[in-house]
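Protein chains in written order, with UniProt numbering: chain A, 1 to 511; chain B, 1 to 533.
Cβ coordinates follow ideal geometry from the N, Cα and C atoms, glycine included.
Since the model is a prediction, treat every value here as computed from it, not as a measurement.
Beneath this line is the structure, given in structure tokens, with notes to follow.
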């Protein structure tokens, strides 16, 4: 490995160093605030490292291949940056979440510091995945991300102050993800083996050359690719591999839900984009048909099932299924600069919006927790459960700014102008028109119309003019300053890129 | 810059109104009034163009325009412009905004700041719709006006407000997604053929598109506008939304928002797809005639007075659709006049129903009756607007409907005959409404009529607002020519496009336009967008 190669993976090195440092720090000096600070510093350092590497790349070569396993280029760095920024938000949310749920006294067996170590591990996996150029690194990164996510999903179990019911849900979420993820990994691994058997290569460019020589038609390679696609579709929770999504999203601690919805999916989309581009799989009709079917099914099923939800986290889970379906439409138009641009723009919109929506939900739940520690609330009273729609009744009048943030997020999810979601939707339409995929576009229109219904229902619940007095939320919702700052910056980004999309487009085009 | 200033004033004023309500009570509506006056005054700067247009000396293409680059990646510019048609529509918007504000001055009892925030944002969005000459920008404003309207219905509406609000929104939004799809496809095809990526209205007019494709794209636009218009069978959101909305909301909906649909048809659908429009005209005219009859019949059957007025809108807007697709100057001029006259008369009728509801707490005509004795002023004004609505000669509505019928008779006699029957229906429902609500004996079932003295008649504020509308209608009825003169260049441009299409259709059956996707997709990075006059 040359110095240049080592320098190119600086963000990964920073993250690894941060993990080791945090482990050492926690073993000698435990403290929630200190651990979160170290994690944040590590993340910020990794972000700066991204910029530094990107600056070095522009001066000379376009991309750096590191030992054949990783390939660092501008697109990969951009994805790293996006995911790391999302991780910063998750760390802030996590701090607010754990503050109310873990004993500050160290005699109890709750370890909030663990959260940050696991978060950094997930990020290490995600950033490696984004840079992967070889099935070995791909698999390693995917597994690292998944393995760190299992305990994170079940994190409420270790926090003793969480209500019994939340702990049960959290455990359920963790076990469900573990089992199904293991199954999908096994399928993916089998697929990789088949691909290797057919092409004799594990690195992406090797597969591409091998594919060019293979005869077209059904083959071992195609079977392998299909299996691999199934594994990826599971991670992206595309229909029909979406069954785990609502339960896992609902049960997990809200910051972790935000993490799995943004980082977990964003990294996989980035990988998929690179893999398909390098091996030019868009040209394989069987795969694109498969993708088209899952995309249409995701849009329709996701939006239809979201209609039936009263729990906000479940609603957002189904809506995220639908949104990945939209994204696949842009993905489908294949190996062109415009296709990548559309996918990246939509992904940015999706990450910002989803993060914002979960942030609001999580912070509201935290404030309810702070008012009633230990979860002293009746089980079936939906107006007291901070994850039920009924809890949001009249929120605009109780805490206007918070409600405005949530409203912006919902409008962005629904694709209404002034928000980044609209520009994302516009890209989807542009991509669909270019690819002349009229049926898929029809599915987008139907899906969006269905989607409007549940976003609006929530929005109108918030502006309900005669709020019934809810005991848990008598006055306004109190939110920590860090949470407020996070929400304001997310909303600002959402509006900025929604009104002046050219800024972001220029960045993406410069990749 | 004036156009930008008007829109900015309305947007900023909305935010100020919301914030000010926290500081001092009733501050928001004064700010709203101030903003509207200011915006109207700014619009008044085009009065010079207006008078010169009435003297037949039309200047350039636009009276005023402003073009800034916005998203060069897609050739999207921030392009505002005003011409005769746009000026008429904007003037209607601001005047109806003022009217709605004044007539419901004391009606909003709670969350006043948020109400006026939404009120001003609706107006800002509508002004944007009437002045945007970039298709992306147009769509942007088209959507911006929806959300505040949704809130207006959902928060301050009557019994079934949530249902009505969601229905309204889903109808308009789903149809406008079709329009977005059509816009993107139109731009993409234009780019494939000419190599110029632009959303500019003037440049897209020259787009060459294969007939079949053009027909589909035209349908995308038509459905979005027909929902807004509304045309049968896409009208079902309207009775609910109008009935459940608060009075000011109903006034905005009926007087302004419906007109955006008609404006869109006239400004975009007809000139952008002339061949397809010619081919589609018989269908659209039939839809218009059916709307006229259907609206009249259903208005006749209503118990709820507000619902009656709402269905009468369906009927009247049917005339607009009929006139636009008759595709000749007289009928289109009639349609433009109908847009304005219907705006005035229906806004007044909704204000009157609102005033009745405010005083008697019911809109059910079975419970009303004999109101003339207790509310003479209100009843007299109601009579005036009811006969205006049925098309009494001497008032604006008559001129409009007469012109539409004359114009469309040349295009299609039978459809026109059917639509003319609608006038009889209009007389029936309007007079029946008068008879049941205002004449006869006071109903015993109505608790409020027991103590007649406590029911206030119209106060001076309401009287002046309503009377000024009445005077405006009389002026429109007696001297309609200025309106025609001002709208003439815009209408002539549309007719010009249509005529070329008709001739092309007549001379050679196979149009030379070809759809080639020689260019494989959108350009990779910022293209040079086109500038236009």
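- Counting every other CB atom within 10 Å of its CB across the protein chains shown gives residue 64/A a total of 16 or more, marking it as buried.
- For residue 219/A, no alpha helix (DSSP H) run applies, since DSSP gives it neither H nor E.
- Counted as a single uninterrupted DSSP element, the beta strand (DSSP E) harbouring residue 78/B occupies residues 76 to 82.
- CA-to-CA, the gap between residue 239/B and residue 467/B works out to about 26 Å.
- If you draw a 10 Å sphere on the C-beta of residue 492/B, you find fewer than 16 other C-beta atoms in it, and that means exposed.
- If you draw a straight line from the Cα of residue 90/A to the Cα of residue 453/A, it is about 29 Å long.
- Here residue 361/B is exposed. Its C-beta has fewer than 16 other C-beta atoms within 10 Å.
- Under DSSP, residue 71/A takes part in a beta bridge, and its partners are 65/A.
- Chain B has a Cβ within less than 8 Å of the Cβ of residue 416/A.
- Sorting 444/A, 87/A and 459/A by C-alpha distance to the C-alpha of residue 256/A places 87/A at the top.
- In terms of CA proximity to residue 416/B, 401/B leads the group 429/B, 430/B, 10/B and 401/B.
- Take residue 394/B, set aside five residues on each side of it, and the residues of its chain with a beta-carbon closer than 8 Å to its own are 474, 477 and 478, in chain order.
- Taking CB atoms only, residue 174/B has a neighbour in chain A less than 8 Å away.
- Against residue 395/A, chain B offers no close residue; the least beta-carbon distance is about 13 Å (beta-carbon pairs closer than 9 Å).
- Fully contained in the segment 341 to 411 of chain A are the following alpha helix (DSSP H) runs of length 4 or more, in chain order: 395 to 398.
- Residue 230/A carries a helical assignment under DSSP once its states are collapsed to helix, strand and coil.
- DSSP places residue 68/B within a strand segment (E or B) once states are collapsed to three.
- By the CB criterion at 8 Å, residue 296/B and residue 429/B fall inside the cutoff.
- Contact between the segment 287 to 307 of chain B and the segment 271 to 278 of chain B is absent: fewer than 3 CB-CB pairs across the two stretches fall below 8 Å.
- Nearest to residue 62/B by C-alpha distance, out of 112/B, 3/B, 7/B and 101/B, is 3/B.
- At the C-beta level, residue 260/A and residue 345/A stay beyond 8 Å of one another.
- Of 29/A, 421/A and 305/A, the smallest CA-CA separation from residue 412/A is found for 421/A.
- Taking 8 Å as the upper bound for CB-CB distance, residue 224/B and residue 189/B are not in contact here, some 18 Å apart.
- Using a Cβ-Cβ cut-off of 7 Å, residue 448/A is close to 177 of chain B, given in chain order.
- The Cβ atoms of residue 164/A and residue 156/A do not sit closer than 8 Å to each other.
- Buried is the label assigned to residue 252/A, since at least 16 other Cβ atoms lie within 10 Å of its Cβ.
- Rounded to the nearest angstrom, the gap between the Cα atoms of residue 425/A and residue 93/A is 28 Å.
- Note on residue 233/B: under 16 other CB atoms within 10 angstroms of its CB, so exposed under the neighbour-count rule.
- Using a CB distance below 7 Å, the part of the segment 183 to 195 of chain B facing chain A consists of 184, 185 and 188, ordered along the chain.
- Listed along the chain, the chain A residues whose CB falls inside 7 Å of the CB of residue 522/B are 338, 430 and 434.
- In this structure residue 229/B touches residue 258/B by the C-beta definition: roughly 6 Å separates them, less than 8 Å.
- For the C-beta of residue 411/A, the chain B residues within less than 8 Å are, from N- to C-terminus, 147.
- Neighbours of residue 143/B across chain A, judged by C-beta separation under 8 Å: 416, 417 and 422.
- In the three-state scheme derived from DSSP, where H, G and I count as helix and E and B as strand, residue 459/B is classed as coil.
- Between residue 9/A and residue 70/A the beta-carbon gap is near 6 Å, inside 8 Å, which marks them as a contact.
- With its beta carbon at least 8 Å from every one in chain A, residue 501/B lies outside the interface.
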